[in-house]
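First up is the structure itself, then whatever we jot down about it.
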Amino acid sequence: MNTTPVVPERWLADADYEQIRPHLPPDLPPIPEIPQRCDGASLAQVRIGASEDPLVELPPFLPQEHLYLRLNSPVMPQKMYARKGMIDRLDAAQQLLPPGFHLCCLDTWRSMAAQQELIRIYQQAFPANSKNYIAATNNPAILPPHTTGGAVDVTLSFQRTPLALGTDFDAFLPESHARSLEHIADTDEPEKVVARDLRRLLSHCLLSVGFAPFDKEWWHYSYGDQRWAAYYSRGVSLYGLATPHETSQ
Numbered sequence: 001m002n003t004t005p006v007v008p009e010r011w012l013a014d015a016d017y018e019q020i021r022p023h024l025p026p027d028l029p030p031i032p033e034i035p036q037r038c039d040g041a042s043l044a045q046v047r048i049g050a051s052e053d054p055l056v057e058l059p060p061f062l063p064q065e066h067l068y069l070r071l072n073s074p075v076m077p078q079k080m081y082a083r084k085g086m087i088d089r090l091d092a093a094q095q096l097l098p099p100g101f102h103l104c105c106l107d108t109w110r111s112m113a114a115q116q117e118l119i120r121i122y123q124q125a126f127p128a129n130s131k132n133y134i135a136a137t138n139n140p141a142i143l144p145p146h147t148t149g150g151a152v153d154v155t156l157s158f159q160r161t162p163l164a165l166g167t168d169f170d171a172f173l174p175e176s177h178a179r180s181l182e183h184i185a186d187t188d189e190p191e192k193v194v195a196r197d198l199r200r201l202l203s204h205c206l207l208s209v210g211f212a213p214f215d216k217e218w219w220h221y222s223y224g225d226q227r228w229a230a231y232y233s234r235g236v237s238l239y240g241l242a243t244p245h246e247t248s249q
């Protein structure tokens with residue numbers, strides 16, 4: 001059996017903009033500015049919390065497409081887990097979406113070993129720029145968000161098809177930054193306007209229930225980790241490292 005990790009050329013389907021446009025709500029709010037305190041070394045100023053909120057398997061009512069299984073790596077989690085508090089908020093966010101749309105969870109908890117494996121795979125595949133996007137594991141004062149069980153990579157699906165919102169998932173490009181489409185005017189090309197509004201819809205439903213965004217990745221949101229705490233000006237996170245035994249694997 002071949003277990004050599006391979007990064008797929010594409011992860012998500014392009015949106016059918018003409019089909020989707022009539023179903024988008026009008027006047028979606030812009031994605032808010034993301035404070036500089038939410039990234040880099042400044043996150044070390046946020047103390048790591050120790051909530052006992054359990055790490056549990058994602059329930060069936062949350063649509064999911066476990067993308068990293070496609071990497072063909074035995075180190076990556078074979079099921080999707082998250083903190084119970086985050087799952088409750090994903091459920092609440094999904095209730096805010098208009099008919100036809102759902103959230104689709106792409107990745108959640110990773111062990112520290114899985115985080116290191118992801119770094120290794122992507123540094124081999126994209127040595128020039130992946131290190132600026134994947135959280136390092138060598139600073140004990142800043143936990144990689146996914147290792148806390150409080151981070152989710154998520155997109156919108158329309159009629160059960162998970163969508164690429166302006167860029168593909170894990171596209172290490174400036175266009176993948178959360179607010180990179182905010183310069184697009186309502187009078188611009190329709191496909192650009194729809195991509196902008198899909199990101200706004202995702203952001204609006206998640207921020208409305210207490211998630212925090214990540215400026216470099218439109219698909220990454222968190223609840224309870226250090227970035228979340230920094231975004232909401234809290235001095236301590238909710239979640240520390242979630243260890244493998246908590247998943248009952």
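Numbered according to the UniProt record's numbering, the sequence shown terminates at residue 249, and the numbering increases by one at each position without gaps. Just so it is clear, CB atoms sit at the ideal spot from N, CA and C, and this is done for glycine as well. Keep in mind the model is a prediction, meaning the values are calculated, not measured.
Pairwise C-alpha distance: residue j and residue i
i: Q249; j: E57; result: In this prediction, Q249 has a pLDDT of 41, which is less than 50 and means its spatial position is unreliable; what the coordinates show is noted afterwards. Their Cα atoms are separated by approximately 10 Å.
i: S237; j: A44; result: 11 Å
i: I184; j: V193; result: 7 Å
i: R200; j: R37; result: 22 Å
i: I48; j: Y232; result: 15 Å
i: S222; j: Q123; result: 24 Å
i: V6; j: Q159; result: 29 Å
i: residue 336; j: D91; result: Absent from the structure is residue 336, since the part of the chain shown begins at 1 and ends at 249.
i: E33; j: K84; result: 28 Å
i: A242; j: G150; result: 9 Å
i: I31; j: K216; result: 13 Å
i: L55; j: G240; result: 11 Å
Three-state secondary structure assigned by DSSP to residue i
i: W109; result: coil
i: W11; result: coil
i: L55; result: strand
i: S203; result: helix
i: R179; result: coil
i: D88; result: helix
i: N139; result: coil
One or two residues paired with residue i in a DSSP bridge
i: V236; result: R47
i: S157; result: H102 and P162
i: F214; result: E217
i: Q64; result: C105
i: A185; result: A185 is not bridged to any residue.
i: A151; result: S222
i: R83; result: L55
Close beta carbons around residue i, own chain, < 7 Å, minus the five adjacent residues each side
i: L12; result: T155, P162, L163, A164, D168 and F169
i: A141; result: A44
Spatial neighbours of residue i in its chain, beta-carbon cut-off 6 Å, leaving aside the 5 residues before and after
i: Q226; result: L43, V46 and S237
i: H66; result: M80
i: Q115; result: T137, P144 and T147
Beta-carbon contacts of residue i that lie in its chain and below 8 Å, excluding the five residues immediately before and after
i: T4; result: N72
i: A93; result: L103, C205, L206, S208, V209 and F211
i: H23; result: P98, P99, G100, F101 and F158
i: D186; result: V193
i: P60; result: none
Short CB-CB distance (under 8 Å) between residue i and chain C
i: R120; result: Absent from the structure is chain C; it holds one protein chain and no more.
| query | Does the stretch 205 to 213 touch the stretch 7 to 17, meaning 3 or more C-beta pairs lie closer than 8 Å? | reply | no
| task | Would you check if the stretch 71 to 83 and the stretch 106 to 121 touch, i.e. whether three or more CB-CB distances between them fall below 8 Å? | result | yes
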